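To start, the structure under review is shown below, and the notes come after it.
There are 2 protein chains.
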Amino acid sequence: MGEQREAVRLFNNPGAQECADVIMSAASKRRAVIVLGVCEVSYRGRTSSELARGERLVIVKEDGSLLVHRTWGYKPVNYMPPGAMVYAKSDSGSVVISAKRGSESMRVVFHKVYLVATLNFRDDSSFEQKGTEAQMRDAVVFYPELVEKGLRVLTHEFQVKSGFVDLMALDSRGRLVVIEFKANPAKTADVNQLIAYVSRLRALSKERGIRGVLAAPSINKAARKLLVDSGLEFKRLDKDECLRVLEEFKPTMSLLSFIEKGDEHSA
Amino acid sequence: MGEQREAVRLFNNPGAQECADVIMSAASKRRAVIVLGVCEVSYRGRTSSELARGERLVIVKEDGSLLVHRTWGYKPVNYMPPGAMVYAKSDSGSVVISAKRGSESMRVVFHKVYLVATLNFRDDSSFEQKGTEAQMRDAVVFYPELVEKGLRVLTHEFQVKSGFVDLMALDSRGRLVVIEFKANPAKTADVNQLIAYVSRLRALSKERGIRGVLAAPSINKAARKLLVDSGLEFKRLDKDECLRVLEEFKPTMSLLSFIEKGDEHSA
DNA sequence: CAATGTATTTCGGAA
DNA sequence: TTCCGAAGTACATTG
Chain H
274 MGEQREAVRL FNNPGAQECA DVIMSAASKR RAVIVLGVCE VSYRGRTSSE LARGERLVIV
334 KEDGSLLVHR TWGYKPVNYM PPGAMVYAKS DSGSVVISAK RGSESMRVVF HKVYLVATLN
394 FRDDSSFEQK GTEAQMRDAV VFYPELVEKG LRVLTHEFQV KSGFVDLMAL DSRGRLVVIE
454 FKANPAKTAD VNQLIAYVSR LRALSKERGI RGVLAAPSIN KAARKLLVDS GLEFKRLDKD
514 ECLRVLEEFK PTMSLLSFIE KGDEHSA
Chain R
274 MGEQREAVRL FNNPGAQECA DVIMSAASKR RAVIVLGVCE VSYRGRTSSE LARGERLVIV
334 KEDGSLLVHR TWGYKPVNYM PPGAMVYAKS DSGSVVISAK RGSESMRVVF HKVYLVATLN
394 FRDDSSFEQK GTEAQMRDAV VFYPELVEKG LRVLTHEFQV KSGFVDLMAL DSRGRLVVIE
454 FKANPAKTAD VNQLIAYVSR LRALSKERGI RGVLAAPSIN KAARKLLVDS GLEFKRLDKD
514 ECLRVLEEFK PTMSLLSFIE KGDEHSA
């Protein structure tokens, strides 16, 4: 017995009809195809784009995604996301690959095809990645001093539906403090969010002493200016510091979590 | 005479040494290479990742970017951005491709190579795209009725980077209108941006009649609620409509642009 | 399904 | 060069 499976099948300098057939056949079997040749590309959908004639690598993947790569750059110059319906046909000596997905459509016309290869690939390995996280908010809930001394947390759902979570607290002088956390360097949009929230809160309560604090590892210059001009505050909050606190309080956390659930039931 | 240039050079089932040589040779000539085969990948840098053995397509581009693609998904499962130094060598029957770029490094080990192809591609076409946020704004500048009848535009810098507010105008009753454009469906963050700007403007000028308009192709539910609750308005603005207007006014545009530059010099 | 945040974000333009 | 925000962002996760 030899190999049953042919991982790569090559078609060198195929005719237009043969090329179209190969692509359609692969698509029907849910196999990926790569095409090397001279093509032009047009796209209509979220925007419109035209890419004139040039030599490129086109990848039709088994999930319907379609990538047009030039010989430089990380990103494809044109593409369709997964889920597109892909068709190929021969048209007066050219190969036309078209893809549709909702209101988006893309069309690749190959004037010359150097190579087509169908891929019957096996790849079920999982992709393992380590080293990302941001549960700064939980850390602050358990150790409010990370933000400032004397802070008492009012809202404290440390159910991590990570999302922009505004924490409400009282400072040492009894003023309401709205805290917004960001795991990444704070941008203008983050400041806008805090401005919008605080301004709504002030409009509702007529309370003048409401403070707004943006807590993040860093903040860019424009954002900082906007923040200060708006009478709000920045607090540098290091991710590693938060993680250390979290580690330290981990046992307490699970215990408290249990107690709170008990409280809920008794309420 | 015949063709001088060979756009694609194929090496079918190459030996490990031959494969490594081909890759190194291509790299030295600044040519892209694609490799089909069985590989495993590890990456160290911004995070750490391991990808176990599987059949994949690897692209080494002429700018030093390195992409590992599976047969599904838009994104490469592993990659190095442009600017990496790429090396290839044969190591006890395997081909090892390594890439370094600052503190980042990636290593692809091919246990079996089905195909290597070096690409000597020509592709100097420009990529033209239409339908961006900036173009929506330009369209409204030339045809304010796209937003509402009687609107007069105050600020009208054509290719100004956005950042603050997109457009200031007066409505038919003389009220100040702040308009923010979004080419994509409007989200909460976009509403926040408008709230923040309008609230600052109101605080500064004590003017009560300031209107805020968010102009976008659509708006999601949460964003709409926030918008309305904040006393602001939504205006559906179709991308294609804007493009048609732009086409119509294109000659006028370049002329006006020229005149404005002239004004700057005379000022 | 919609909405929200993350990304080894990448990419381009302006300060 | 650095900074900053858009992207045809894609993608996972959670309500």
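Quick note, the sequences are listed as chains H and R, same order. Quick note: the first sequence uses the numbering used here, first residue 274, plus one each step. Quick note: the second sequence uses the numbering used here, first residue 274, plus one each step. Ideal placement from N, C-alpha and C gives every residue a C-beta, glycine not left out. Note that the coordinates shown come from a computational prediction; the quantities given were computed from them, not determined experimentally.
Which of helix, strand or coil DSSP assigns to Q277/R:
coil
Cβ atoms of V341/R and C312/R: under 9 Å apart, would you say?
yes
Under 8 Å: do the region 456-476 of chain H and the region 460-476 of chain R share three or more Cβ pairs, one atom per stretch?
yes
Would you mind telling me which residues of chain R sit closer than 9 Å to Q402/H, beta carbon to beta carbon, in chain order?
Y316, T320, S321, S322, E323
For a quick check, are the C-beta atoms of G485/R and E453/R less than 9 Å apart?
yes
Would you please verify whether the beta carbon of N493/R is less than 9 Å from any beta carbon of chain H?
no
Out of Q290/H, I483/H, I307/H, state which residue places its alpha-carbon closest to the alpha-carbon of T391/H.
I307/H
Please list, in chain order, the residues of the region 346-363 of chain R that have any C-beta partner in chain H closer than 9 Å.
G346, Y347, P349, V350, N351, Y352, M353, P354, P355
Figure out for me which residue from G337/R, V381/R, V386/R, M353/R has the closest Cα to the Cα of L612/R.
Residue coverage of chain R in this structure runs from 274 to 540, which leaves residue 612/R outside it and unanswerable.
Same chain only: Cβ atoms within 6 Å of A416/R, ignoring 5 sequence neighbours per side:
Residue identity differs from the one stated: residue 416/R is Tyr in this sequence, not Ala. Correct list, in chain order: V518.
At a Cβ threshold of 9 Å, is H384/H touching chain R?
no
What did DSSP end up calling S472/R once you bin it into helix, strand or coil?
helix
For my contact list, L477/R and F507/R are in at a C-beta cut-off of 8 Å; report their separation, rounded to the angstrom.
Not a contact, Cβ separation roughly 24 Å.
Helix, strand or coil for Q432/H? Go by DSSP, reduced to three states.
Residue placement at Q432/H is poorly supported in this model, since its pLDDT is 34, which falls under 50; the coordinates are not used for a value here.
Measure the CB-CB distance between L516/R and A489/R and report whether it falls below 9 Å.
no
Can a CB atom of chain R be found closer than 9 Å to the CB of A390/H?
yes
Buried versus exposed call for E335/H [16 or more other C-beta atoms within 10 Å across all chains shown]:
buried
Closer than 6 Å by C-beta to K455/H: which residues in its own chain qualify, once you throw out the five before and the five after it? Chain order, please.
D463, A489
Return the CA-CA distance between I483/H and R448/H, expressed in angstroms with no decimal places.
6 Å
Is there a C-beta anywhere in chain R that falls below 9 Å from the one on Q277/H?
no
Where D397/H meets chain R, residues with beta-carbon distance less than 8 Å
G327
Could you tell me which residues DSSP pairs with Y316/H in its beta bridges?
S322/H, M379/H
Among Y316/R, R395/R, E279/R, G327/R, whose alpha-carbon lies nearest the alpha-carbon of L309/R?
G327/R
Count the other CB atoms within 10 Å of the CB of D502/H; is the residue buried (16 or more) or exposed (fewer)?
exposed
Min CB distance N465/H to chain R below 9 Å
yes
Selected residue, minimal CA-CA separation from V333/H, among T320/H, G318/H, A325/H, V295/H:
V295/H
Return the chain-ordered ranges of every beta strand (DSSP E) run that is complete within the region 352-404 of chain H and spans a minimum of 3 residues.
358-364, 367-374, 377-392, 400-403
Min CB distance S301/R to chain H below 9 Å
no
Beta-carbon within less than 7 Å of A325/R's beta-carbon, same chain only, minus the 5 sequence neighbours each way: which residues are those?
E313
Under three-state DSSP, which class holds N285/H?
strand
Reducing DSSP to helix, strand and coil, say where E480/R ends up.
coil
Express the C-alpha separation of K362/H and L500/R in angstroms, rounding to a whole number.
48 Å
Residues of chain R with a CB under 8 Å from the CB of I452/H: which are they?
What I452/H touches in chain R: nothing, since even the nearest Cβ is about 16 Å away.
Report the partner residues of A488/R according to the DSSP bridge assignment.
F454/R, K508/R
Tell me the residue span of the alpha helix (DSSP H) that contains V420/R.
Taken as a continuous stretch (DSSP letters only), V420/R belongs to no alpha helix (DSSP H), as it is neither H nor E.
I believe A293/R touches V368/R by the beta-carbon criterion, under 8 Å. Please report the beta-carbon distance rounded to the nearest angstrom.
5 Å
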